[in-house]
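Sequential numbering from 8 applies to the sequence shown in the working numbering. We put the beta carbon where it would ideally sit given N, CA and C, even for glycine. Predicted model, so just to flag it, every value in this text is computed and none were measured. Below: the structure, in structure tokens.
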Amino acid sequence: MTVQEAFDQLTKLLLPPYGAEEARSIARIALEDGFGWKQPYGSLKLDEKQIERLDAMATRLQAHEP
8 MTVQEAFDQL
18 TKLLLPPYGA
28 EEARSIARIA
38 LEDGFGWKQP
48 YGSLKLDEKQ
58 IERLDAMATR
68 LQAHEP
């Protein structure tokens, strides 16, 4: 998985409760604060540990739906 794919995955996950603009904003903040990744993301590949952290982050974000 690339960082861009991670952004897309988080955005898709957050889309229903938040709407497109806010979902993208939350995903950007999560990737920047959680991993230090800033746009443009490019094709940087995530390792297994980063994917596990991303999954945990996604679970926490889902638990805080508006």
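Three-state secondary structure assigned by DSSP to K52: strand
Any contact between the region 43-52 and the region 20-33? By contact I mean 3 or more CB pairs, one from each, below 8 Å. no
Hey, L20 and Q69 are a contact pair by Cβ (cut 8 Å); roughly how many whole angstroms apart? 7 Å
Cβ-Cβ separation, A37 to M64 (assumed contact under 8 Å), whole Å: 6 Å
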